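Each remark here refers to the structure printed beneath this line.
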Amino acid sequence: MIRHIVMFWLKDNSPESVEAAAARLRSMRGQIEGMVELEVGADFLHSGRSCDLCLTTLFETREALDAYRTHPVHLPVQAYMHSVREKSCAADYEV
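In the UniProt record's numbering, the protein residues as written are 1 to 95.
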């Protein structure tokens, strides 16, 4: 299993913008073969090192993660997130 985590810092981190971005990310749930888990959470501490939004997914295999990167459900969500993010960071690891 592969855990894929992306942390987002948004250009507009108002509650409405954070929820709109979270809804876009959640829209992928159950739509991508090989993705067995998708969780989205908004930060509530708002500390100096906090991101605004975190996406955590679990894939069956590395191949499933690779397929996700170009999946037609993922691509428009990715484009939207690129348009609203200030920056992001990601990590992928085996579990």
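By construction, the Cβ of each residue, glycine as well, lies at the ideal position given by its N, Cα and C atoms.
As the structure is a computational prediction, the values presented were derived from the model and not from experiment.
For Arg26, the closest C-alpha among the options Glu63, Glu94, Val77 is that of Val77. When only Cα atoms are considered, Arg85 and Ala23 end up about 15 angstroms apart. Taken through DSSP and simplified to helix, strand or coil, Asp66 comes out as helix.
The alpha-carbon separation between Ala42 and Cys51 amounts to approximately 8 angstroms. In this structure Leu53 is buried. Its beta-carbon is surrounded by 16 or more other beta-carbon atoms within 10 angstroms. Less than 8 angstroms divides the Cβ of Asp92 from the Cβ of His4.
In this structure Leu55 is buried. Its beta-carbon is surrounded by 16 or more other beta-carbon atoms within 10 angstroms.
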